[in-house]
Structure formats: C-alpha cells, structure tokens
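To start, the structure under review is shown below, and the notes come after it.
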Amino acid sequence: MTSRPSPGLTLAAWLGAAFLHIPLLLIILYAFTSEDRTYTFPPPGLTLRWFGVAFARTDMWDALWLSVRVACLATLLALLLGSLAAAAMSRSHFRGKDAFSLLITLPIALPGIVTGIALLTTIKRVGLEPGTLTIILGHATFCIVTVYNNVVARLRRISPSQIEASSDLGARPLQTFRYVLLPHLATALLAGGLLSFALSFDEVIVTTFTAGSQQTLPIWMFGELFKPRDRPVTNVVAILVMLVTLLPILLTQRLSSGGDYMHGGGKSS
C-alpha cells in the first residue's frame, strides 16, 4: 500500500466529514444571527445578544442542572452494576452465557422508543411516578452497557495468574482488587463512565417516557424549537450541550489511544 491515500479516497473522506459537520457549523452560525424568526443565508447580521438571553433564562439553568444530576447519578449506578456484571461474565462459565451477555447489551441496541415504552410500562406496574428517579433508572439501563463493554474487555486481557499470585502471597480479596485489578481497570472504568455521562446528558427519547413533568436540557430544547422567536436561544444552548458532551468524548478517546480501544457504542434512536 502507498503511504498516501488516493485523491478519490481523500475526496470521499472530506465529503463524509462535511456531511457530518456542516449541520453543526450551521447551528453555531445561527446562534449569532441578528434575525430571530427566519434563517436566511447568509445571516443578515451577527450579534452576541442571544447568549445573554439564553443565560438569563432560569428555566434553562434548572434543566441544565437536572441533566447534570441525572447524568452523574446514572453514571455512578452504571459503574457499579456494569462492573459487577463484567466481573461475573468474564470469570464465569455456564450454559446460556452468550444469551445472557446479549441481554445485558440489548438496551443500547434497541430503538430508544422501544426502551422508553418498556420502561414506562414497568414504572406504572411497580407504582412509581415518573420523575427524577425514573429518569436516572431509565438512563442507567443503557449506560450500564458502555461500562460493561469496556470493563469486560479489559478483564479478559488480565491474566488469571496475577490474581492467583496475589492470593498465594496472602492478599485479601479487597487488597487484590485494589493493588492488582484496579490499576488495570482504572482507564476502562473512567472511559466507560465518561461515555455514560455523555450518553445520559443528551438523551431525549427514553427521557420523554420517564420524565413526567421534569425537564432535562434536551427536553427543554425540544420544546423551545416550536417557539420561532426563541430559536437562536436554542442554538446557543445547543452549543453548550455540544461542549459538555464533547469533553468526555475527547477524554475517552485520549484514554483509549495507544492500544486501548473503546467498546461503548452509541444509543440507538
């Protein structure tokens, strides 16, 4: 193979990148437009006025902090349950193991509307009222998968002889976990947690079924889209969402570079 790609392959790569990122650039552009009702191109003028309007909205800040709280708690729950499931699946051998592994990863593969309907039905069956708790539980169902996939892949690369050697040297289980397993799992846990936070923070479909009267930031943004005069405000908040979700993804990519690959996947919608 040549060291440089062919012109056709280079062109295809640039076209693919443009297809993905031009809509994002338009969102950023129209956050600065001076026109509040129509999106004429090019914008008739540029202004920072909409940033002040957006940051003065108390309902936006309430939705933002709710999204942050939900994402943090869903991530913590996913780290706990996903790690336990990964530990059990990586060291156990039983009939139906592959089917059970599929069941664990299924929530992130199913369309979001199917997951949302299933969660809403379950919530009503057990007598819970949709709210913050049900949003957290709903988000944890697919966040667990990102943690599980990262941790189980890392555990499969750890030689059992290391754990056996630790036991032979008299280490207790907690000591083995702290000094042998945790150093190997630290980056996998962090990568899975960061991906979980990003997925939870911008989730819309599952949240619609589990939120009740609560409004996370993506739900707030969806409602604002139907108010023509507030569309530039929505674009400003969209930039904020992109920044909040981009940072964990960049950190995850950095942690996974150099041979440690992510196994998180994305949420189907």
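Sequential numbering from 1412 applies to the sequence shown in our numbering. Glycine is no exception: its CB is placed at the ideal position from the N, C-alpha and C atoms. Remember, it's a predicted structure, so these values are computed and weren't measured experimentally.
- Residue 1444 sits in a strand when the DSSP states are folded into three classes.
- Distance from the Cα of residue 1483 is smallest, within the candidate group 1621, 1629, 1609, for 1609.
- Between the alpha carbons of residue 1420 and residue 1665 lies a distance of about 26 Å.
- The C-alpha of residue 1471 lies about 47 Å from the C-alpha of residue 1507.
- The closest CA to that of residue 1569, considering only 1524, 1587, 1556, 1553, is found on 1587.
- Inclusion of residue 1554 and residue 1611 in the CB contact set at 8 Å is warranted, their separation being smaller than that value.
- Burial is judged here by how many other beta carbons sit within 10 angstroms of a residue's own beta carbon; residue 1547 has at least 16 and is buried.
- Under the 10 Å beta carbon count, residue 1620 is surrounded by 16 or more other beta carbons and is classified as buried.
- The shortest C-alpha to C-alpha distance from residue 1631 to any of 1443, 1606, 1469, 1602 is the one to 1469.
- Taking the Cα positions, residue 1636 is about 7 Å away from residue 1645.
- With a beta-carbon spacing of about 5 Å, residue 1557 and residue 1607 fall inside the 8 Å limit used to define contacts.
- Note on geometry: alpha-carbon atoms of residue 1500 and residue 1522 lie some 25 Å from one another.
- Counted as a single uninterrupted DSSP element, the alpha helix (DSSP H) harbouring residue 1545 occupies residues 1543 to 1566.
- Listed in chain order, the non-local C-beta contacts of residue 1438 below 6 Å within the same chain comprise 1646, 1649, local neighbours out to five positions each way being set aside.
- Put simply, the stretch 1531 to 1541 does not touch the stretch 1590 to 1603. Fewer than three CB pairs are less than 8 Å apart.
- If you look at residue 1505, you'll find it isn't in any alpha helix (DSSP H); DSSP assigns it neither H nor E.
- Membership of residue 1604 in the alpha helix (DSSP H) is indicated by the continuous run 1593 to 1612.
- Secondary structure of residue 1457 (DSSP, three-state): strand.
- Burial state of residue 1455 is exposed, judged by a 10 Å Cβ sphere holding fewer than 16 other Cβ atoms.
- Inclusion of residue 1616 and residue 1524 in the CB contact set at 8 Å is warranted, their separation being smaller than that value.
- Boundaries of the alpha helix (DSSP H) around residue 1529: 1523 to 1537.
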